[in-house]
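Peer 1:
Number of protein chains: 2
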Amino acid sequence: MTFRDASAAEIDAVMQRAWQAFYIFRETTLKQRADLMRRIAAELEATGDELIRTAMRETNLPEARLRGERARTQFQLTSYADACEAGDWLEVRIDTATADQPDLRKWLVPVGPVVVFGASNFPLAYSTAGGDTASALAAGCPVIVKAHPAHAETSELVAGAIARAVRTEGLPASVFTHVHGAGVETGKNLVTHTHTRAVGFTGSYGGGKALFDWANQRKVPIPVFAEMGSINPVFLLPDRLRSGAKEVAMLLAGSITQGVGQFCTNPGLIIGIEGKELDLFVEELGTAIANAAPGTMLHPGIAKAYSEKREAALAQPDVATVAVSATRSGTNQGAPTLASATAGAFFRNPLLHQEVFGPYSLIIQCKNAGEMLEVVRRMEGQLTASLLATDRDIHEFAELVGSAGDICGRLVLNGVPTGVRVGLAMQHGGPFPATTDSRFTSVGADGILRWARPLCYQNWPDHLLPAALKNGNPLRIWRTVNNSMTRDPL
Amino acid sequence: MTFRDASAAEIDAVMQRAWQAFYIFRETTLKQRADLMRRIAAELEATGDELIRTAMRETNLPEARLRGERARTQFQLTSYADACEAGDWLEVRIDTATADQPDLRKWLVPVGPVVVFGASNFPLAYSTAGGDTASALAAGCPVIVKAHPAHAETSELVAGAIARAVRTEGLPASVFTHVHGAGVETGKNLVTHTHTRAVGFTGSYGGGKALFDWANQRKVPIPVFAEMGSINPVFLLPDRLRSGAKEVAMLLAGSITQGVGQFCTNPGLIIGIEGKELDLFVEELGTAIANAAPGTMLHPGIAKAYSEKREAALAQPDVATVAVSATRSGTNQGAPTLASATAGAFFRNPLLHQEVFGPYSLIIQCKNAGEMLEVVRRMEGQLTASLLATDRDIHEFAELVGSAGDICGRLVLNGVPTGVRVGLAMQHGGPFPATTDSRFTSVGADGILRWARPLCYQNWPDHLLPAALKNGNPLRIWRTVNNSMTRDPL
């Protein structure tokens, strides 16, 4: 099935209707928004096997993974619904009047229609009804999703489920709109429309950066929250390697090859200090990679890109191939691959800093601790950085630990970066170019904050204030009143 | 006294040292940062009459105003110090481990060196030791201030006070750096330096937008928090006018002429509906403006710009001069001026949407409520919007009230926009082009959030975590633990 790209005129009509829907949707209570999100979760469940079959056909992802991903998507919707309803995200601050100062009450209000571009690698959890959509609805923003062309039919089915939920909850249809657009114009028309107030994106650096530039070049710039990939460095510290190089190798082998390496948190760079423990680690990890079977990738374009980028990386001077899957790759399959280079090569060659999206990882061998510190300090922004380290390592490599924190949003100790827990304490967002705005997360209920801004009411009488700001605190939310956190009424 | 612009090489050296200072400064406790800010406040006090005399000479501001502004600056420093030390701004979230999910703990960390460009109209409170500097120090960021050339000597004196405080508190000198630069190159070199991680600015649209564009065109874009002016619309609703047009006129006359109109919150646009009450209001306000004396403006450049922009506005078709100060203006003085135009003229002529910085206001006369709604919906982003309204007006003009909230950061009811209370509930920042980022405030302790980003620790043992994230909660701060707000230890 193919879909026609939305025209500029169609997008204008969509955005006009979304803006009208905004006037109504922002007035809904937190309970109404939470009910909508829970209803979407139920409608997703009701898509049954048809959704799974369609997604399997479009993405090559296995059934169990897709069933798990649908469950994750439902969990996101219901957990963000709970957070929405709890209302603490409204960040209410109240400074009551004094003899010479007016009463001030501030809360967060929705920014307006939000355009969402879903990810190719998560057709459900980071797509049409994914975290961006869920969190924008929680904030009170209408959502316009541009279907990912690689799984447009899956997106249609999910959009149908959302539309049914919107209708059942008695909300304006344009609270949610689904458009198609395989070409670049559709995206540009959406981002540059005057009624678009924010953008969520998960995908490549090229795609995200284009949206970011269009958004900043508007007459009225708007925020773009683009997650654009990451090589997720893993630092192997010497005391940890001494106490179990093989165990660390097994842990990383699983993370590198999981889901054919098609995660934004895949560990693409492993940094260690030369020596016999590192040699042992490389040998063990190489064996594991050679023993790992190739897997079918999401679609031919991704398989082709993996093959080309992997070959380009392996062809660089000073890059050695350590291991490749011993199993021959079939059509559209990605072969697990491990390579190695010196820190000097990493310093000289910018290509070694780039993501190879798939089951590929590059080991950087440093001469000493100083070189390892230099590697992290020259690295671009990342979603995650991981340390495999004993307590002694953490103390001895304090500078490295500090600098690893500088370049990432999530600092993993003795674990792997893959596996992104959905929770309030998650930070899924890191310094540019991992994302365009490291101050916000795209996973966890704090993601709601991307779609809201503060509005302060000065000198309003209680009976005219929104419920969240009233003296009596009818919503029973946490508020900062005269600099003290409280749930008490005034 | 004149100062030489810092060269590109000097700026590079400054930023290198600031980056080194960042490694040390970010490790300071909240108490140490608060102590520094309180010490700066004390050192400001110790600048005594010399600071006041210098600022009077450079800015033409009267002594009482400057003494008041210094006191405000000290109050900002000490109140942000209190907020810094209380630590709630760290936004700690903890999700403890479950059977299949890792322990996650997130807090805010400083972004790195911050470049601050002070305002011409507040040589103390929005300049060298102003809110941007105070909040960035609270976050743990070294600050580099580029002195405003219109009050560079005042800036030198304040910088000396800050440097003494930094020394007394035993911190690296490069926690604070003061540079001069009357030309555009200095600013550009500062904003585009790789070690600069964020920018604060208060000034013109042209200046702020240039910084914003440079920052976004960097290889690694950085956030710019620029406050760029506002015309602060005031909506006169009919029931309120009926019950006291003269009282409303007196209130606005004071706000328009206060400080020779040289506030970013000066009410530059007044919107009413045609009728005899509006006629009475215009007459009363006109009389008050005619009776108001001209005042000396900050410097010749500002007086010249006021004179030119005011004349250009008055020369527009369909703009009528209602009243001008009856007192003849002296050198560099700004004459209080009131003009009037129809809503139709406002729709046709973009120049009527532009700020005339000084004691000038334009009344927009609408034919009916529909036209008034259209006026607000066509208006650019503003720091504030004000409603002069009875309860009945608020209910009858619900759409207008909603749309007024859409375009501003602070919605004032039955008051004037001038007078910006320093407190946590203040929102001083509005939709573009009022500021470049409406999600943040430049007044109040929430301004600290501009200079921080979340960092999540995954799977770290308690003894290696920062104090804010430890089980025992030794800082006694509010934290969200497993989705519940608490100050209890885990």
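Chain order of the listed sequences is A and B. Following the numbering used here, the numbering of the first sequence begins with 267 at its first residue and continues without gaps. Following the numbering used here, the numbering of the second sequence begins with 267 at its first residue and continues without gaps. Where is the CB? At the ideal position from N, CA and C, for every residue including glycine.
1. Counting only C-beta atoms, is G538(B) closer than 8 Å to chain A at any point?
2. Could you check the C-alpha separation between P697(A) and A589(B) for me, to the nearest Å?
3. Just verifying my parser: in three-state terms, what is the DSSP assignment at K372(B)?
4. Looking only at its chain, what residues have a beta carbon closer than 6 Å to the beta carbon of V441(B), apart from the 5 residues adjacent to it on each side?
5. When you compare each of V490(B), S496(B), T313(B) to A812(B) by their alpha carbons, which one comes out closest?
6. Taking A670(A) as part of the alpha helix (DSSP H), name the residues at either end of that continuous run.
7. Thinking just about the alpha-carbon of each residue, which of D659(A), A711(A), L649(A), T701(A) is nearest to the one in P682(A)?
8. For K412(A), which of helix, strand or coil comes out of DSSP?
9. Say whether chain B places a C-beta atom closer than 8 Å to the C-beta of W775(A).
10. Using DSSP bridges, identify the partner residues of M267(A).
11. For my contact list, A385(A) and Y392(A) are in at a C-beta cut-off of 8 Å; report their separation, rounded to the angstrom.
12. Under a three-way DSSP split, which group does I629(B) fall into?
13. At the level of alpha carbons, what is the spacing between P376(B) and S470(A)?
14. For L580(A), which residues from the same chain have a beta carbon less than 8 Å from its beta carbon, with the 5 sequence-adjacent residues on both sides left out?
15. Identify the continuous beta strand (DSSP E) that holds D361(B) and give its terminal residues.
16. Any residues in the segment 586-608 of chain B with a beta carbon nearer than 8 Å to a beta carbon of chain A? Which ones, in chain order?
17. Taking only beta-carbon atoms, is F467(A) less than 8 Å away from chain B?
18. Just the chain B side, please: which residues come within less than 8 Å of V514(A) by C-beta, in chain order?
19. On a Cα-Cα basis, can you pick out the residue from P438(B), I522(B), D703(B) that is closest to T468(B)?
20. Leaving out five residues on either side along the sequence, give the residues of the same chain with a beta carbon under 8 Å from the beta carbon of C722(A).
21. By DSSP, does S470(A) sit in helix, in strand, or in coil?
22. Starting from T603(A), follow the alpha helix (DSSP H) in both directions and report where the run begins and ends.
23. Can you give the beta carbon distance from H446(B) to A418(B), rounded, assuming they're within the 8 Å contact cut?
24. Can the beta-carbon of F491(A) be found closer than 8 Å to that of T701(A)?
25. Taking Cβ-Cβ distances shorter than 7 Å, what residues in chain A pair up with K372(B)?
26. Suppose the cutoff is 6 Å on Cβ atoms and the five residues either side in sequence are ignored; what does the same chain contact list for C632(A) look like?
27. Starting from F442(B), trace the beta strand (DSSP E) in both directions and tell me its first and last residue.
28. What are the residues in the segment 419-442 of chain B lying within 7 Å of chain A by C-beta distance?
29. Taking 8 Å as the threshold (C-beta atoms), are V411(B) and I743(B) in contact?
30. Pull up the DSSP beta-bridge partners for C722(A), would you.
31. Closest to H515(B) by CA distance: which of M303(B), G525(B), A635(B), P533(B) is it?
32. With 7 Å as the limit, tell me which residues of the segment 723-752 of chain B have their beta carbon closer than that to any beta carbon of chain A; keep them in chain order.
33. Determine the DSSP secondary structure at G567(B), reduced to helix, strand or coil.
34. Determine the closest residue to L564(B) out of P415(B), I673(B), D271(B), D361(B), with distance taken between C-alpha atoms.
35. In the DSSP assignment, find the unbroken alpha helix (DSSP H) run with A402(A) in it and report its ends.
36. Answer with buried or exposed for T339(A), where buried requires no fewer than 16 other C-beta atoms within 10 angstroms of its C-beta.
Peer 2: Reading from the atomic positions:
1. no
2. 54 Å
3. In this structure, K372(B) counts as strand in the three-state DSSP scheme.
4. A287, F291, P408, V432
5. There is no way to answer for residue 812(B), as the model of chain B reaches only from 267 to 756.
6. 664-672
7. According to the sequence as given, residue 682(A) is Val; it is not Pro. Measuring from the Cα of V682(A), the nearest candidate turns out to be L649(A).
8. DSSP, read as helix, strand or coil, puts K412(A) in strand.
9. Because residue 775(A) is not part of the residues shown, which for chain A are 267 to 756, the question remains open.
10. M267(A) pairs with nothing; no bridge assigned.
11. 4 Å
12. In the three-state scheme derived from DSSP, where H, G and I count as helix and E and B as strand, I629(B) is classed as strand.
13. 27 Å
14. T587, T603, A605
15. Looking at the DSSP string, the run of the beta strand (DSSP E) that includes D361(B) is 358-361.
16. none
17. no
18. What V514(A) touches in chain B: nothing, since even the nearest Cβ is about 14 Å away.
19. D703(B)
20. Beyond the five residues adjoining it in sequence on each side, C722(A) comes within less than 8 Å, by CB distance, of L370, R371, K372 in the same chain, given in chain order.
21. coil
22. Careful: T603(A) lies outside any alpha helix (DSSP H), inside the beta strand (DSSP E) at 603-608.
23. The Cβ separation is near 6 Å, so the contact holds.
24. With respect to T701(A), F491(A) sits close: the two C-beta atoms are nearer than 8 Å.
25. A691, Q693
26. I539, A609, M638
27. Run containing F442(B): 442-445, per the beta strand (DSSP E) assignment.
28. None of the residues of the segment 419-442 of chain B has a beta carbon lying less than 7 Å from any beta carbon of chain A.
29. no
30. Among the bridge pairs identified by DSSP, C722(A) is matched with K372(A), R676(B).
31. Strictly speaking, residue 515(B) in this sequence is Ala, with His absent from that position. Comparing Cα-Cα distances from A515(B) to each of M303(B), G525(B), A635(B), P533(B), the minimum goes to P533(B).
32. Going along the segment 723-752 of chain B in chain order, one finds Y723, Q724, N725, W726, L730, W744, T746, N749, M751 with a Cβ nearer than 7 Å to chain A.
33. helix
34. P415(B)
35. 397-405
36. buried
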